[in-house]
Every structure is written in structure tokens, then in C-alpha cells.
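These notes are about the structure you will find just below.
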Amino acid sequence: CIQKNEVTQAGTLGNRANISVMFSRIRLLVETLWSELHTSQEERGLFATQYYYPETIDNYNHMFREVQFLCRKRESGEHILTLIDTREALLRRLKVLCETPEVSKIAKTSVHENVLDEIVSKVNELRIATHNILTSVYATRKRIGLGAPVIWKNINYFDKIQSDVSETCSTPGIRSLFLKCGIDVHRNPFFLPSGAVVTAKQRNWKSVLRGFDSMYCRSAMPCTASTLSME
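Residue numbers (the working numbering): 108 to 338.
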């Protein structure tokens with residue numbers, strides 16, 4: 108890391124060569140962090156125009172503060188990516204459960220109670236995992252102004268989150284099971300039942316993304332094994 112006092116010492120000694128080296132280093136660090144955090148070209152250009160030159164102590168201080176700010180963003184982003192990894196693991200497990208023969212052929216056979224119990228468990232864990240991601244993003248944006256998309260494997264995760272539940276629960280058998288408790292999985296990342304008493308704001312997941320209503324689970328009809336049973 109570049110130490111802030113390095114440029115002060117160099118300036119005191121009057122060594123312009125050292126100052127130029129340190130400016131080159133911190134510019135490279137800023138640009139690397141910008142790339143990692145998908146900072147817009149417009150934002151990069153405005154900052155570079157204002158602070159890259161002349162190579163003064165004041166401009167160096169501005170760049171140093173930008174590095175600190177970007178590092179806080181990166182740390183927050185890493186926490187969010189960890190939450191996303193947790194949710195993705197739950198989606199993968201739910202997909203395996205949804206594609207078991209007894210679930211995919213629900214019209215011809217009954218579903219073992221253990222399978223139902225695990226499906227129920229994963230649904231409720233996914234609700235919490237999705238909620239944790241959204242509230243974490245909201246808290247980060249409120250604290251340090253992280254407004255860029257949440258990028259996961261080169262895609263906007265908020266775009267993915269709209270449809271990945273319906274893709275995971277794509278077999279007719281599992282859709283039938285969820286419909287038994289009033290849950291249409293199409294574009295429904297919270298598994299909100301259509302019959303639950305919820306506000307329009309809570310029904311619209313995009314509004315939930317904007318408002319981050321932490322009470323959404325309380326308004327959602329619980330998904331239980333007895334609701335999904337074949338009796």
C-alpha cells in the first residue's frame with residue numbers, strides 16, 4: 108500500500124522524481140479498484156480530470172481518500188458475494204430435490220416425507236438468504252453510496268434473482284407442489300404466496316429491492332410440509 112506520508116516526505120526533500128513515481132502508483136491503484144468495482148467511465152473521467160494533475164499534495168490526498176473509499180466498497184462487495192454464494196448453494200440443492208423422480212412424477216406417486224421436509228427447509232432458507240443479500244446491499248449503499256450493479260460471474264445479480272427461482276423449480280411436479288400452497292414461482296424470488304395478505308409494495312419484488320422491507324417474511328404464508336403433503 109502507498110503510505111500517505113511518503114508524498115509529504117518527498118515534497119519536503121523537493122524530489123520531483125519520487126513524487127511522480129508515487130502519483131503513478133496511486134493512479135494505477137485507483138484505476139485497478141475502479142475496474143474491480145465496475146465504476147462507470149463517466150465517473151472515472153470526472154475524477155481523473157479533477158485530481159490526476161497537477162501532481163500536488165492536495166491532489167494526492169484526494170486520490171488517497173478515493174483509494175480508502177474504494178477499498179471500503181470492495182470489502183462490502185466481498186461480503187455481499189459471500190451471501191450470494193450461500194444463496195446459490197441453496198438454489199443448487201433445491202434444484203436437485205426438484206428433479207428427483209418422485210417429485211417430477213408427482214401425478215403418479217407420492218413424495219417421501221423427508222424430501223418434502225428438505226424442500227420446505229430450502230424454501231425458507233432461500234427466503235432468508237435473498238432477504239440478507241438485499242438488506243446488505245441497501246446498508247452498503249446507505250453507508251458508502253455503492254450504487255453500481257451487484258456483479259456476480261459477469262452478470263447483474265439483481266437481473267438473475269428475478270428468474271432463477273422459476274428456473275430452479277421448473278419441473279411440473281414441483282410447480283404443482285408449490286401451487287398447492289398458493290405459491291407461483293414465476294419471477295417470485297421470495298416465494299411469496301399469491302393468497303397472502305400483503306401490500307402491493309411487498310408483492311412487487313422490485314419495490315422490495317428499493318424499499319428493503321425487512322418484514323416481508325411475516326406477511327408471507329409459511330411453506331410447511333403439511334401444506335405440501337399429498338393427502
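From the three backbone atoms N, C-alpha and C, an ideal C-beta is built for every residue, glycine too.
Because the structure is a prediction, the values reported are computed rather than measured.
query, result
"Which whole-angstrom value describes the C-beta separation of L233 and L201, a residue pair presumed to lie in contact below a C-beta threshold of 8 Å?", "7 Å"
"Compare the beta carbon distance of I268 and P300 with 8 Å and say whether it is the shorter of the two.", "no"
"Classify A124 as buried or exposed, calling it buried when 16 or more other Cβ atoms lie within 10 Å of its own Cβ.", "exposed"
"Going by C-alpha distance, which of P279, E143 and Y160 is nearest P208?", "P279"
"Identify the residues that DSSP records as bridge partners of N263: which are they?", "I258"
"Out of T193, G184, E185 and R134, state which residue places its alpha-carbon closest to the alpha-carbon of A236.", "T193"
"Taking contact to mean 3 or more Cβ pairs, one atom from each stretch, closer than 8 Å, check whether the stretch 179-187 and the stretch 161-171 are in contact.", "no"
"Just verifying my parser: in three-state terms, what is the DSSP assignment at H145?", "coil"
"If you draw a straight line from the alpha carbon of T216 to that of W259, how long is it in whole angstroms?", "Only weak support exists for where T216 lies, its pLDDT of 48 falling under 50; the value from the coordinates is given anyway. Roughly 39 Å between the two C-alpha positions."
"List in chain order: all unbroken beta strand (DSSP E) runs of 3+ residues lying wholly within the stretch 172-206.", "none"
"Under DSSP, the alpha helix (DSSP H) around I281 begins and ends at which residues?", "P279 to K287"
"In angstroms with no decimal places, state the Cα-to-Cα distance between F176 and W141.", "11 Å"
"Can you check which of these residues, T242, Y160 and R132, is closest to V174 by C-alpha distance?", "R132"
"Once the 5 residues before and after S127 are set aside, which same chain residues still bring their CB inside 8 Å of it?", "E162"
"Exposed or buried, which one is D271 when buried takes at least 16 other CB atoms within 10 Å?", "buried"
"With burial defined as no fewer than 16 other Cβ atoms inside 10 Å of the residue's Cβ, what is the status of L286: buried or exposed?", "exposed"
"Using only CA atoms, which one of T275, R134 and A196 lies nearest to E206?", "T275"
"Mapping the DSSP letters down to three states, classify D271 as helix, strand or coil.", "helix"
"By a C-beta neighbour count over all protein chains shown, 10 Å radius and 16 as the cutoff for buried, is K249 buried or exposed?", "exposed"
"Near T136, what residues of its chain come up, given a Cβ to Cβ distance below 6 Å and the 5 sequence neighbours on each side ignored?", "As written in the sequence, residue 136 is Leu, which differs from the Thr given in the question. Cβ neighbours of L136 beyond the five flanking positions: V174."
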